[in-house]
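First comes the structure, then the notes that go with it.
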Amino acid sequence: MEKTTLVLGASPNAERYSYRAVERLREHGRKVVALGARAGQIADVPILTDPSLVEKPVETVTLYLGPDNQPRFYDFILDLNPRRVVFNPGTENPAFERMLAERGIFVQRACTLVMLSAGAYDVYPQAGDALGR
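Right under this line is the structure:
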């Protein structure tokens, strides 16, 4: 089964890190779903604006939304039940991280772009280390 990454907070603005993450994930052969506030396109990936259009399974959710914009997506992400959620710099949210960890979802405070560049994107925390630190 193909591993899918959801980029939450995707932007059609090529200067944004979320845009670059979609590009790099595709370059690394990952199946990517982009979800953002504005419709658009990043390479061959359309930016969805309706969370109900995101199909399961999703292995990884990589966040590009600040903590203040995350609460409306809590139930959505928990319902996806991804294997992990990556909190990119500036998206750290201890309360949500605890909620995810309590559900057995790995939480990583890391930069998706750096993990891809370093060949560490597919390296997961050890079992039992749900916070990935």
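Mapping of the sequence shown onto my numbering: position 71 corresponds to residue 1295, and the numbering continues sequentially without gaps. Backbone N, C-alpha and C define an ideal beta-carbon position, used for all residues, glycine too. What you are looking at is a predicted structure, and each value in this text was computed from that prediction instead of being measured.
Review point. DSSP puts T1228 in a beta bridge; with which residues?
Key: In the sequence shown, the residue the question calls residue 1228 occupies position 4. Looking at the DSSP assignment, T1228 forms a beta bridge with K1255.
Practice item. Specify the secondary structure class of P1270 as computed by DSSP and reduced to three states. Key: By 1-based counting over the sequence shown, the position of residue 1270 is 46. DSSP places P1270 in strand when its eight states are reduced to three.
Practice item. Could you tell me whether any Cβ in chain D is nearer than 8 Å to the Cβ of E1279? Key: You won't find chain D in this structure, because it holds only one protein chain.
Review point. So what's R1333 in DSSP terms, helix, strand or just coil?
Key: One-based indexing of the sequence shown puts residue 1333 at position 109. DSSP places R1333 in strand when its eight states are reduced to three.
Review point. Under the three-state reduction of DSSP, which class applies to L1287: helix, strand or coil?
Key: Here residue 1287 refers to the residue found at position 63 of the sequence shown. Reduced to three states, the DSSP call for L1287 is strand.
Review point. Name the DSSP beta bridge partners of V1310, please?
Key: Residue mapping note: residue 1310 aligns to position 86 of the sequence shown, counting from 1. Paired residue(s): T1286 and Q1332.
Check your understanding: With 16 other CB atoms within 10 Å as the buried threshold, where does V1338 fall?
Key -> Here residue 1338 refers to the residue found at position 114 when the sequence shown is read from its first residue. Label assigned to V1338: exposed.
Exercise for review: Decide if the stretch 1322-1332 is in contact with the stretch 1272-1282; the criterion is three or more beta carbon pairs, one per stretch, under 8 Å apart.
Suggested key: The answer is no - the stretch 1272-1282 does not touch the stretch 1322-1332, with fewer than three Cβ pairs under 8 Å.
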